[in-house]
Amino acid sequence: MDNLSITQWAMEDRPREKLMAQGPAALTNAELLAILIGSGQPGVSAVTLMKQVLHDCEDRLNVLGKMSIGELMKFKGIGEAKAITIIAACELGKRRQLEEVRKRNRMDSSQNIYELMVERLRDKDVEEAWVVLMNQNYGLIKEIELSHGGISETSVDVRIALKHALLNNATVIALCHNHPSGNTHPSRDDDRLTERFKKACELMRIHFLDHVIVTDGDYYSYRDNGRL
1 MDNLSITQWA
11 MEDRPREKLM
21 AQGPAALTNA
31 ELLAILIGSG
41 QPGVSAVTLM
51 KQVLHDCEDR
61 LNVLGKMSIG
71 ELMKFKGIGE
81 AKAITIIAAC
91 ELGKRRQLEE
101 VRKRNRMDSS
111 QNIYELMVER
121 LRDKDVEEAW
131 VVLMNQNYGL
141 IKEIELSHGG
151 ISETSVDVRI
161 ALKHALLNNA
171 TVIALCHNHP
181 SGNTHPSRDD
191 DRLTERFKKA
201 CELMRIHFLD
211 HVIVTDGDYY
221 SYRDNGRL
């Protein structure tokens with residue numbers, strides 16, 4: 001059946017008709033993506049094409065979400081418009097997840113901070129540092145990017161972070177950055193940065209809640225490890 005065009009499939013097997021009859025949860029990831037791209041190529045259905053793409057992504061949507069337009073266009077049958085559609089869909093998924101986390105509002109644990117920031121940082125191929133601003137009840141005020149750096153490190157100005165805290169009347173802050181390597185273990189530079197933040201916050205009477213290092217699927221918390 002995979003070698004047939006979708007119009008040659010039985011009605012109940014076509015992705016759009018299947019969604020209408022059974023709801024979106026009944027469809028596979030490949031079928032949902034096939035609806036987005038609309039068509040495959042001669043002899044290859046949209047579903048088969050997306051199965052091929054997902055296979056190369058280890059059948060993980062997180063891996064798909066990291067692909068660029070150019071990388072997607074390497075698959076025969078995926079042009080610029082289809083690649084853009086796939087990337088847009090992945091971005092919407094990330095934003096929906098971020099909205100769900102923000103609804104919780106309280107950032108009083110490393111897990112909550114990680115869930116807030118992972119969608120922003122998991123697909124980055126360079127390090128970024130962010131500060132999470134909170135009120136005295138650990139209610140989220142906003143998260144602000146501090147720096148965008150290299151593969152193994154990024155430069156962070158503690159003064160800029162504290163300036164944002166003061167301007168937004170934040171009394172609690174957390175530092176968060178990613179490790180594109182996937183290794184959550186903090187470096188010596190991470191340790192030094194944490195110590196600078198701790199001392200600066202003590203001076204300004206701002207509570208430094210945590211420094212969380214984010215990777216795709218895991219994190220390291222200085223507070224949870226007894227280092228704050």
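Position 5 of the sequence shown, counted from 1, bears residue number 5 in the numbering used here, the numbering being contiguous throughout. Glycine included, every Cβ here is placed at the ideal spot set by N, Cα and C.
DSSP three-state call for C90: helix, strand or coil? helix
Among L166, V156, R205, G65, which one has its Cα closest to the Cα of H211? V156
Once you ignore the five residues that flank M1 on each side, which residues in its own chain have a CB closer than 6 Å to its CB? Only weak support is given to the placement of M1: the predicted model assigns it a pLDDT of 49, under 50, and the value that follows is read from those uncertain coordinates. Nothing meets the Cβ criterion.
Name the DSSP beta bridge partners of H185, please? Beta-bridge pairing links H185 to no other residue.
Cα-Cα separation between Y220 and T194, rounded to whole angstroms: 13 Å
Smallest Cα separation from I69: which of D218, E91, K51? E91
Specify the secondary structure class of F75 as computed by DSSP and reduced to three states. coil
Beta-carbon proximity check, P186 vs I213, cutoff 8 Å: yes
Residue range of the beta strand (DSSP E) that includes H164: Element bounds for H164: not the beta strand (DSSP E) but the alpha helix (DSSP H), 158-167.
What number of angstroms, rounded off, separates the C-alpha of E144 from the C-alpha of I87? The sequence given here places Ile at residue 144; Glu does not occur at that position. Cα-Cα distance, rounded: 24 Å.
Would you call N225 buried or exposed, if buried means 16 or more other Cβ atoms sit within 10 Å of its Cβ? exposed
Of all the options D123, D108, R122, M50, which has the alpha carbon lying nearest to the alpha carbon of G77? M50
Measure the CB-CB distance between E119 and G149 and report whether it falls below 8 Å. no
If you draw a straight line from the C-alpha of M20 to the C-alpha of S39, how long is it? 18 Å
Tell me T215's beta-bridge partners as DSSP assigns them. D218
Identify the residues that DSSP records as bridge partners of C176: which are they? W130, V212
Could you please give the first and the last residue of the uninterrupted beta strand (DSSP E) stretch that includes I144? 140-148
Continuous alpha helix (DSSP H) stretch holding L27: start and end: Per DSSP, L27 belongs to no alpha helix (DSSP H) and is neither H nor E.
What's the gap between the Cα of A174 and the Cα of M134? 8 Å
Applying the 10 Å Cβ sphere with the 16-neighbour rule, what's the burial state of L116? buried
Could you tell me which of L203, R192, D190, Q97 sits nearest to L166, measuring between CA atoms? L203
How big is the Cα-Cα spacing for V172 and L61? 34 Å
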